[in-house]
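Colleague: Got a structure for you, questions after.
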Amino acid sequence: MKNVEPIFLILALLAEIIGTVGGFGSSVFFVPIANFYFNFQTVLGITALFHVVSNLSKIALFRKGIDKKLILYIGIPAVLFVIVGGILSKYLNTQFLETILGVFLISLSLLFLIKKNLIVKPEKKEALLGGSLSGFIAGILGTGGAIRGLTMAAFNLEKNVFIATSAVIDFGVDFSRTVVYFLNGFITKDILIYIPFLFFIGIFGSYLGKLLLKKISHENFKRFSLILILFIGIVTILKILVK
């Protein structure tokens, strides 16, 4: 069993805080960070475990006013398609998955930075499509919260309702893919030592994120988050090129 990497835990905490405040979810930061410490399939496993705890924390902290309609329209297709993506991830080359992750992060950040007023229609069809796409990408790449966030933003939810509803959906997605990744053999003994630390980080990071939400403009922090996602995406691609 490997020794615990303190720097990795610090970065995981930062990913949780930034993900909570920025509204994208911590996986968009956590997955590429973890990719520097573990092989990509193990990254998928440890991300799913981390997020189960993280989302339970968010549900507890932001539980008032959960939107049940969006859980139905976005959450159910997300859970179904994360299972499909999780199964497919076992059969795809890990370097190919890392490349797709880097391209996804760069494309996503540039899209939001350039199209600042990008919106999705607040209709049932768009909700079902957004939920399906976010779940499928989460299953394959470990992160799909940004797509779900874009879909949910169309419904103009109050900040706490948005985070709580997203967390409920994400919990269903992460619990489902945890089972799939376990069956795929992605959850290994080497990462079990991190579980107690990530449990604490998920709770503490969500709490700090909630405190920051009261003091920092969401729009300003969102822009900072997008620039950080762009940087992480570029570093991810460079890492693959120098292998």
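Sequential numbering of the sequence shown, starting at 0, is according to numbering that gives the first Met the number 0. No residue lacks a Cβ here, since even glycine has one placed at the ideal position from N, Cα and C. A quick note: this is a predicted structure, and the numbers were derived from the prediction, not measured.
#1: Run through DSSP, which three-state label would Pro121 get?
#2: Sort Gly138, Ile239, Gly232 and Leu104 by Cα distance to Ile45 and report the nearest one.
#3: If you draw a straight line from the alpha carbon of Ser175 to that of Ile17, how long is it in whole angstroms?
#4: Can at least three beta-carbon pairs, one atom from the segment 27-46 and one from the segment 90-107, be found at a separation below 8 Å?
#5: Taking all protein chains shown into account, decide if Glu122 is buried (16 or more other Cβ within 10 angstroms of its Cβ) or exposed.
#6: Whole alpha helix (DSSP H) runs in the segment 31-112 with 4 or more residues, listed along the chain?
#7: Report yes if the CB atom of Val3 is closer than 8 Å to the CB atom of Tyr206, and no otherwise.
#8: Helix or strand or just coil, what does DSSP make of Met0?
#9: Please say whether Ser133 and Arg147 have beta carbons closer to each other than 8 Å?
#10: Tell me the DSSP secondary structure of Tyr180 in three-state form.
#11: Is the separation between the beta-carbon of Ile32 and that of Ala11 shorter than 8 Å?
#12: How is Ile239 classed by DSSP in three states: helix, strand or coil?
#13: Let's test the definition: count the other Cβ atoms within 10 Å of the Cβ of Glu157 and tell me whether it reaches 16, buried, or not, exposed.
#14: Considering only C-alpha positions, which residue in the set Val83, Asn54, Lys57 and Lys213 is nearest to Leu140?
#15: Excluding sequence positions up to five away, which residues of its chain have a Cβ less than 7 Å from the Cβ of Phe154?
#16: State the CB to CB distance for the pair Ala126 and Ile58, rounded to an integer number of angstroms; the pair is presumed to be in contact (CB under 8 Å).
#17: To the nearest angstrom, how far is it from the Cα of Leu240 to the Cα of Ala14?
Modeller: Reading off the structure:
#1: coil
#2: Gly138
#3: 24 Å
#4: yes
#5: exposed
#6: 39-60 and 75-88
#7: no
#8: Residue placement at Met0 cannot be trusted, given a pLDDT of 48 that sits under 50; what the coordinates show is reported in the next sentence. Coil, per DSSP.
#9: yes
#10: helix
#11: yes
#12: helix
#13: exposed
#14: Val83
#15: Leu69 and Pro121
#16: That belief does not hold up - the Cβ atoms of Ala126 and Ile58 are roughly 20 Å apart, past 8 Å.
#17: 24 Å
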